[in-house]
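Chemist: Quick one: this structure, given as structure tokens, is what I'll be asking you about.
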Amino acid sequence: SICYSSYKCTLLKDFLKRYSDHSQYWIGLSREPGQTWKWIDGTIYSGWLKIIGIGECAYLHRIGISSASTHLVRKWICSKPDTCIPRS
20 SICYSSYKCT LLKDFLKRYS DHSQYWIGLS REPGQTWKWI DGTIYSGWLK IIGIGECAYL
80 HRIGISSAST HLVRKWICSK PDTCIPRS
């Protein structure tokens, strides 16, 4: 998992909050409806921050993480695949 220690989680949360104040960013988390959230590399999301919504792809914004359909245009943190493919 990307957050394997509380120190790393704190650093990551601070980073994400700092860069999400002005825009919304897809962050590489996706899911099939009703299934577990997974990172783009297949790692299961640990749930360190609640994801709000019923969409299939997660994005970061100034108050947390939400989810939406892939057809919405947003910036990406790091890189992105051609499409957000929900994992099975």
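In our numbering, each residue's number is its place in the sequence shown (first place is 1) plus 19. Heads up, the beta-carbon is just placed ideally off N, CA and C, and yes, glycines get one too.
1. Is the beta carbon of residue 87 less than 8 Å from the beta carbon of residue 72?
2. What is the rounded straight-line gap between the Cα of residue 56 and the Cα of residue 83?
3. Give the straight-line distance between the Cα atoms of residue 42 and residue 78, rounded to the nearest whole angstrom.
4. What span of residues does the beta strand (DSSP E) with residue 74 cover, start to end?
5. Determine the burial state of residue 75: buried for a count of at least 16 other Cβ atoms within 10 Å of its Cβ, exposed for fewer.
Modeler: This is what the structure holds:
1. Yes, they are a contact pair.
2. The straight-line gap from Cα to Cα measures roughly 15 Å.
3. Straight through space, the alpha carbons of residue 78 and residue 42 are spaced by roughly 10 Å.
4. Unbroken run through residue 74: none, as it is neither H nor E.
5. Of the residues assessed, residue 75 falls on the buried side of the cut-off, its CB having 16 or more other CB atoms within 10 angstroms.
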